[in-house]
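Asker: The sequence shown begins at 10 in this note's numbering and counts up one residue at a time.
Each residue gets a CB set at the ideal place from its N, CA and C atoms; glycine is no exception.
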Amino acid sequence: EVLEKWAACGELDREASFEEKTLELEAWMGTCGGKLPRQGGELAGEAALARFLNRQQQLCVRQQLGAERAGRLRQVPGIADRLARWEAGALRASKSSKEAGAEEETKESEGAAGPRRASRAAG
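#1: Taking C-beta to C-beta, are R47 and A36 nearer than 7 Å?
#2: Is it buried or exposed for L92, if we count other Cβ within 10 angstroms and need 16 for buried?
#3: For the structure I just gave you, are there three or more beta carbon pairs, one from the region 63 to 78 and one from the region 87 to 101, closer than 8 Å?
#4: Look at the Cβ atom of M38, then the Cβ atom of G80, and state whether they are nearer than 7 Å.
#5: Name the two residues that bound the continuous alpha helix (DSSP H) containing E77.
#6: What I want to know is whether the C-beta of Q84 ends up closer than 6 Å to one or more non-hydrogen atoms of the ligand FAD.
#7: Shortest alpha-carbon distance to E33 belongs to which of G50, E51, E55, L74?
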């Protein structure tokens, strides 16, 4: 029970942190004319916001961002288009991965069948 409460607190902290960073990102985008923060940026807080945005991209590409967070990010001016590109990239990567897996399975099954045919023909 204590661990469950602790885990729930951690989840609340993560959600609060996400919302705080999203609010900071909204302010940044409004102040900087829609220019995205850079990891090597010199302005106060810029690198931290860039890392936050990069982390959201990684989660999106892995399809772990979640609909609620994605929806919240879409509300940030200038981020909706970026998020759409990330999601499109994630879908392409997922499709390529599935196709590669299917191709590998086909090669493995053909490879397994190949030697048996050869040994039958030889015997």
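Answerer: According to the data block:
#1: no
#2: When all chains shown are included, L92 counts as buried.
#3: yes
#4: no
#5: 76 to 83
#6: For the ligand FAD, the structure offers nothing, since it holds no ligand at all.
#7: E55
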